[in-house]
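One structure below.
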Amino acid sequence: MDRASLITLIHVAKKDLHLDADTYRDALRAAVGKTSCRDMTQTELSKVLATFKKRGFKVRSKPQNRALKPATVTAKIRAIWRLMYAQGFLSSDSEAALNGWVRHQTAPQNGGEGVANYQWLEREPALASDVLERLKRWHRREMLRALGLSEREKISYDQTCQRFKSHIAASR
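Okay, so the sequence shown: first residue is 1 according to UniProt numbering, each after it adds one.
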């Protein structure tokens, strides 16, 4: 183990063992005769770590496969908006344009006053889901039109995305 990793582990051990500054320095002095990791050789650092392990410190590795936090509904809305722009279905991928569309879509459900910023939809999960589904339906219609298919096609949004992606790849 390299020097920096040893020092990091020693500092983690200090915290995990709830050692105050004086007790920590005393433990270092008792182990190798020095009171600072900075002044220690790699061998001395290893000896200090071994001492802390004897006192009950357990080295834990970070979990490698942390589950990713699921994307928020507003993140999905923004991602689809950008995708629609990249696919040529929108003239702007700006947040101002997205906010304008969201304001227009939410006005009827919000007493005539649309939600001014799409990120505010986080506070209204039902409304956010409705906006996401509306955007997906619009995107699906645009992709079907570009594929020369009827809007009445009995294929899901995900299947439509897959077909459109294949169509784009084949036309390159």
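Virtual Cβ for every residue (Gly too), placed ideally from N, Cα, C.
Please read all numbers here as calculations on a predicted model, not as lab measurements.
Under the assumption that residue i contacts residue j (Cβ atoms under 8 Å), give the Cβ distance between them as a whole number of angstroms.
{"i": "Gln-118", "j": "Asn-99", "result": "The residue you asked about is not Gln; residue 118 is Tyr in the sequence shown. With 8 Å as the limit, Tyr-118 and Asn-99 qualify as a contact, their Cβ atoms being about 6 Å apart."}
{"i": "Arg-137", "j": "Thr-160", "result": "In fact, because the Cβ distance is near 10 Å, the residues do not count as touching under 8 Å."}
{"i": "His-104", "j": "Gly-111", "result": "Not quite, the Cβ-Cβ distance comes to about 14 Å (not below 8 Å), so this is no contact."}
{"i": "Leu-45", "j": "Leu-6", "result": "4 Å"}
Check residue i in the structure and name its three-state DSSP category.
{"i": "Met-143", "result": "helix"}
{"i": "His-167", "result": "helix"}
{"i": "Asn-110", "result": "helix"}
{"i": "Glu-133", "result": "helix"}
{"i": "His-11", "result": "helix"}
{"i": "Ser-150", "result": "coil"}
{"i": "Ala-128", "result": "helix"}
{"i": "Ala-21", "result": "helix"}
{"i": "Arg-172", "result": "coil"}
{"i": "Ala-27", "result": "helix"}
{"i": "Ser-5", "result": "helix"}
Residues in the same chain with beta-carbon distance under 8 Å from residue i, minus the five sequence neighbours each way, listed in chain order, please.
{"i": "Ser-150", "result": "Leu-144"}
{"i": "residue 188", "result": "Past the boundaries of the shown model lies residue 188; the chain is included only from 1 to 172, so the question cannot be answered."}
{"i": "Leu-90", "result": "Trp-81, Met-84 and Ala-97"}
{"i": "Ser-92", "result": "Tyr-85"}
Cutting at 7 Å between CB atoms, please list the residues of its own chain near residue i, excluding the five before and the five after it.
{"i": "Ala-96", "result": "none"}
{"i": "Gly-11", "result": "Here the sequence assigns His to residue 11, which means Gly is not the residue at that position. Answer for His-11: no residue qualifies."}
{"i": "Leu-132", "result": "Val-73, Lys-76 and Ile-77"}
{"i": "Asp-16", "result": "Phe-57"}
{"i": "Glu-124", "result": "none"}
{"i": "Glu-122", "result": "Thr-72, Thr-74 and Ala-128"}
{"i": "Ala-116", "result": "Asn-99 and Arg-103"}
{"i": "Leu-147", "result": "Arg-163, Phe-164 and His-167"}
Skipping 5 residues on each side, what residues in its chain have a beta carbon closer than 6 Å to that of residue i?
{"i": "Tyr-157", "result": "Lys-136 and Arg-140"}
{"i": "Ala-31", "result": "Lys-47, Val-48 and Thr-51"}
Would residue i pass as an interface residue toward chain C - the criterion being a Cβ-Cβ separation below 7 Å?
{"i": "Asp-93", "result": "The structure shown contains no chain C, having only a single protein chain."}
Subject >> Every unbroken alpha helix (DSSP H) inside the segment 31 to 104 [4 residues or more] >> reply: Listed in chain order, the complete alpha helix (DSSP H) runs (minimum 4 residues) inside the segment 31 to 104 are 42 to 54 and 73 to 86.
Original post:
Does the segment 34 to 52 come close enough to the segment 13 to 26 to have 3 or more Cβ pairs within less than 8 Å?
Top reply: Short answer: they touch.
Subject >> Inter-stretch contact at 8 Å, needing at least 3 Cβ pairs: the segment 57 to 77 / the segment 3 to 23 >> reply: Touching, yes.
Subject >> Stretch-stretch touch, CB-based, cutoff 8 Å, three pairs: the segment 118 to 137 with the segment 74 to 83 >> reply: The segment 118 to 137, when compared against the segment 74 to 83, does touch it at the 8 Å Cβ threshold.
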